[in-house]
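Residue numbers (the numbering used here): 389 to 631.
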């Protein structure tokens, strides 16, 4: 890439960060993330706090979304939603509802691409463009939390994301709700609540928006985890109990 074009794109990225109220990074500077370190990826929260993060990826459809939000509200549960820019643009009311109900927004890129197959420039643009879209629509800045589409990431992808101030939020337990064949409510309840308290303490659980069986299972999952003394929290709260 020509030096002039690279410089222009760096300036454009800095301009986006300033518009979002973020402190821009100078070239070669390592970002200081919320946890005060340079972690590239988080797979679970600390143990001993009896906290679990139910997280929802939104990149396909918005089926049963209102039922999902109502279920969380009735149980007084706050979660983190990893949203693609395309999903937010196609479901503006839903994206806004996530923040108005007190949930947290995470970056899930714009187009839900397998980032391990993309160029460095595309990876950066997918994250920065999604950040702008999510801020415009939801009113919330997703930084520093992002999740790779399909969970597909490698050292290069993580390094590029970290270079613009993002840490990957992976998961401790995949509910498999988006994996064929279609899962039943009973399968999802058992998949999550069948784990020991030790396994669940500090866990980050992957669920998806748009899955009917997930919405059907959610009240039973929440009731079981609450009865066992767990607090269901956002990623920020999980990683920073005083947040």
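Note that beta-carbon positions come from the ideal geometry of N, C-alpha and C, so glycine has one too.
As the crow flies, the alpha-carbon of residue 618 is around 17 Å from that of residue 462. Counting only runs that start and end inside the segment 466-505, the beta strand (DSSP E) elements of at least 3 residues fall at 468-471, 492-495.
Put simply, the backbone Cα of residue 564 is about 24 Å away from that of residue 464. Burial check for residue 542: the Cβ neighbour count within 10 Å stays below 16, so the residue is exposed. Following the DSSP letters along the chain, one finds residue 556 inside the beta strand (DSSP E) bounded by residues 555-557.
In the same chain as residue 475, and ignoring 5 residues on each side of it, the C-beta atoms closer than 7 Å to its own belong to 446, 447, in chain order. In this structure, DSSP gives residue 622 a state outside helix and strand, which the three-state scheme calls coil. The Cβ neighbour count for residue 519, taken over all protein chains shown within 10 Å, is at least 16; the residue is labelled buried. Bridge partners of residue 548 according to DSSP: none are assigned. Contact between the segment 549-559 and the segment 575-590 is absent: fewer than 3 CB-CB pairs across the two stretches fall below 8 Å. A direct Cα-to-Cα measurement between residue 567 and residue 552 gives close to 31 Å.
Pairing residue 544 with residue 501, the inter-Cα distance amounts to about 15 Å.
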